[in-house]
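**Student:**
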Amino acid sequence: MHRALEVVAAVDINTIANDVYQENYPETSVWNRNIQSIRQEEIDCLGVNTILMSPPCQPFTRVEVRNTFERLSKLPPEGEEYKKLLESLEMRFFTPNEVAELMGFKGGIKWPDNVSNRQKYKLLGNSLNVSVVQVLINLLAM
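Heads up: the sequence shown begins at 32 in our numbering, then just goes up one per residue.
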(Lines of atoms letter the chains of each structure in order from A; the text may use other names.)
(Lines give C-alpha, C1' and ligand atoms only; values in the text may rest on other atoms or scores of the structure.)
Protein backbone atom coordinates (compact mmCIF):
# COMPACT_ATOMS: atom_id res chain seq x y z
CA MET A 32 0.00 0.00 0.00
CA HIS A 33 1.12 3.59 -0.56
CA ARG A 34 3.13 4.96 2.36
CA ALA A 35 1.00 8.09 2.62
CA LEU A 36 -2.21 6.13 3.12
CA GLU A 37 -3.40 3.61 5.65
CA VAL A 38 -6.31 1.47 4.56
CA VAL A 39 -8.47 0.76 7.60
CA ALA A 40 -11.34 -1.05 5.89
CA ALA A 41 -12.42 -2.44 2.53
CA VAL A 42 -16.10 -2.80 1.69
CA ASP A 43 -17.65 -4.92 -1.04
CA ILE A 44 -20.85 -6.89 -1.42
CA ASN A 45 -19.05 -9.60 -3.45
CA THR A 46 -17.88 -12.30 -1.03
CA ILE A 47 -15.34 -13.74 -3.47
CA ALA A 48 -13.80 -10.31 -4.08
CA ASN A 49 -13.58 -9.93 -0.31
CA ASP A 50 -11.84 -13.31 0.07
CA VAL A 51 -9.26 -12.29 -2.54
CA TYR A 52 -8.73 -8.91 -0.90
CA GLN A 53 -8.33 -10.51 2.54
CA GLU A 54 -5.82 -13.01 1.12
CA ASN A 55 -3.69 -10.17 -0.27
CA TYR A 56 -4.19 -7.66 2.56
CA PRO A 57 -4.77 -9.72 5.71
CA GLU A 58 -4.16 -6.75 8.02
CA THR A 59 -7.15 -4.81 6.63
CA SER A 60 -10.68 -5.19 7.97
CA VAL A 61 -13.03 -6.38 5.20
CA TRP A 62 -16.74 -5.65 5.39
CA ASN A 63 -19.01 -7.85 3.31
CA ARG A 64 -21.91 -5.51 2.69
CA ASN A 65 -23.46 -2.91 0.45
CA ILE A 66 -21.92 0.51 1.05
CA GLN A 67 -25.41 2.01 1.24
CA SER A 68 -25.97 0.12 4.49
CA ILE A 69 -23.02 1.73 6.32
CA ARG A 70 -24.10 4.15 9.01
CA GLN A 71 -22.34 7.40 9.85
CA GLU A 72 -21.52 6.09 13.34
CA GLU A 73 -19.57 3.19 11.81
CA ILE A 74 -17.51 5.56 9.68
CA ASP A 75 -16.87 7.79 12.68
CA CYS A 76 -15.56 4.79 14.66
CA LEU A 77 -12.93 4.16 11.97
CA GLY A 78 -11.44 7.62 12.46
CA VAL A 79 -10.99 8.14 8.72
CA ASN A 80 -10.37 11.43 6.96
CA THR A 81 -10.63 10.13 3.37
CA ILE A 82 -12.92 7.62 1.70
CA LEU A 83 -11.94 6.29 -1.72
CA MET A 84 -14.52 4.55 -3.86
CA SER A 85 -14.74 3.23 -7.38
CA PRO A 86 -17.87 2.69 -9.45
CA PRO A 87 -18.92 -0.81 -10.48
CA CYS A 88 -16.95 -1.50 -13.66
CA GLN A 89 -19.02 -4.26 -15.30
CA PRO A 90 -21.62 -2.03 -16.99
CA PHE A 91 -18.82 0.07 -18.48
CA THR A 92 -16.81 -2.99 -19.52
CA ARG A 93 -19.76 -4.58 -21.32
CA VAL A 94 -20.46 -1.39 -23.28
CA GLU A 95 -16.80 -1.03 -24.31
CA VAL A 96 -16.51 -4.66 -25.42
CA ARG A 97 -19.67 -4.33 -27.52
CA ASN A 98 -18.36 -1.09 -29.06
CA THR A 99 -14.99 -2.69 -29.82
CA PHE A 100 -16.57 -5.60 -31.71
CA GLU A 101 -18.81 -3.20 -33.62
CA ARG A 102 -15.76 -1.16 -34.66
CA LEU A 103 -13.85 -4.29 -35.74
CA SER A 104 -16.75 -5.38 -37.93
CA LYS A 105 -16.66 -2.00 -39.73
CA LEU A 106 -12.94 -1.90 -40.50
CA PRO A 107 -12.06 -0.18 -43.78
CA PRO A 108 -10.37 -2.29 -46.50
CA GLU A 109 -6.89 -1.36 -45.25
CA GLY A 110 -7.83 -2.95 -41.92
CA GLU A 111 -8.28 -6.35 -43.54
CA GLU A 112 -4.57 -7.13 -43.12
CA TYR A 113 -4.92 -6.52 -39.41
CA LYS A 114 -7.91 -8.87 -39.26
CA LYS A 115 -5.92 -11.53 -41.17
CA LEU A 116 -3.04 -11.17 -38.72
CA LEU A 117 -5.38 -11.65 -35.77
CA GLU A 118 -6.95 -14.70 -37.39
CA SER A 119 -3.54 -16.25 -38.16
CA LEU A 120 -2.33 -16.02 -34.58
CA GLU A 121 -2.79 -19.16 -32.57
CA MET A 122 -4.29 -17.40 -29.62
CA ARG A 123 -4.22 -18.91 -26.18
CA PHE A 124 -6.00 -17.95 -23.02
CA PHE A 125 -4.15 -15.97 -20.39
CA THR A 126 -4.10 -17.43 -16.90
CA PRO A 127 -5.71 -15.30 -14.18
CA ASN A 128 -2.28 -14.39 -12.81
CA GLU A 129 -1.07 -13.34 -16.27
CA VAL A 130 -4.13 -11.11 -16.63
CA ALA A 131 -3.43 -9.64 -13.18
CA GLU A 132 0.20 -8.96 -14.19
CA LEU A 133 -0.92 -7.25 -17.40
CA MET A 134 -3.34 -5.12 -15.40
CA GLY A 135 -0.51 -3.90 -13.18
CA PHE A 136 -0.59 -6.32 -10.23
CA LYS A 137 3.13 -7.06 -10.12
CA GLY A 138 3.71 -10.60 -8.91
CA GLY A 139 0.11 -11.51 -9.65
CA ILE A 140 -2.57 -11.94 -7.04
CA LYS A 141 -2.77 -14.49 -4.25
CA TRP A 142 -6.06 -16.36 -4.61
CA PRO A 143 -7.83 -18.23 -1.80
CA ASP A 144 -8.10 -21.96 -2.55
CA ASN A 145 -11.90 -21.83 -2.80
CA VAL A 146 -11.91 -19.38 -5.77
CA SER A 147 -12.39 -21.08 -9.15
CA ASN A 148 -10.70 -19.95 -12.37
CA ARG A 149 -14.06 -18.76 -13.66
CA GLN A 150 -14.49 -16.59 -10.58
CA LYS A 151 -10.93 -15.27 -10.93
CA TYR A 152 -11.57 -14.15 -14.51
CA LYS A 153 -14.84 -12.55 -13.47
CA LEU A 154 -13.17 -10.65 -10.63
CA LEU A 155 -10.46 -9.44 -12.99
CA GLY A 156 -13.14 -8.06 -15.29
CA ASN A 157 -12.52 -10.62 -18.05
CA SER A 158 -11.87 -7.68 -20.33
CA LEU A 159 -9.11 -5.78 -22.01
CA ASN A 160 -8.01 -2.45 -20.65
CA VAL A 161 -5.48 0.05 -21.98
CA SER A 162 -2.57 -1.56 -20.11
CA VAL A 163 -3.37 -5.02 -21.46
CA VAL A 164 -3.79 -3.79 -25.02
CA GLN A 165 -0.48 -1.89 -24.86
CA VAL A 166 1.40 -5.01 -23.77
CA LEU A 167 -0.23 -7.08 -26.50
CA ILE A 168 0.58 -4.48 -29.17
CA ASN A 169 4.20 -4.39 -28.01
CA LEU A 170 4.38 -8.18 -28.28
CA LEU A 171 2.93 -8.10 -31.80
CA ALA A 172 5.43 -5.43 -32.85
CA MET A 173 8.43 -7.61 -31.87
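Ideal Cβ positions, reconstructed from N, Cα and C, are used throughout, including at glycine. Fair warning: this is a prediction, and the values are worked out from it, not measured in the lab.
(1) Give the DSSP-derived three-state secondary structure of residue 177 in the structure shown.
(2) Which residues bound the beta strand (DSSP E) around residue 43?
(3) Could you please give the first and the last residue of the uninterrupted alpha helix (DSSP H) stretch that includes residue 149?
(4) Residue 144: buried (16+ other C-beta within 10 angstroms of its C-beta) or exposed?
(5) Between which two residues does the alpha helix (DSSP H) harbouring residue 128 extend?
(6) Under three-state DSSP, which class holds residue 46?
(7) Which whole-angstrom value describes the C-beta separation of residue 42 and residue 69, a residue pair presumed to lie in contact below a C-beta threshold of 8 Å?
(8) Is residue 39 closer than 7 Å to residue 9 when the C-beta atoms are compared?
(9) Smallest Cα separation from residue 36: which of 156, 67 and 81?
**Tutor:** In short:
(1) With the chain covering only 32 through 173, there is no way to say anything about residue 177.
(2) From DSSP, the beta strand (DSSP E) with residue 43 extends over 40-43.
(3) 148-154
(4) exposed
(5) 127-133
(6) helix
(7) 7 Å
(8) The structure shown does not extend to residue 9, since the chain is modelled only from 32 to 173, so the question has no answer here.
(9) 81
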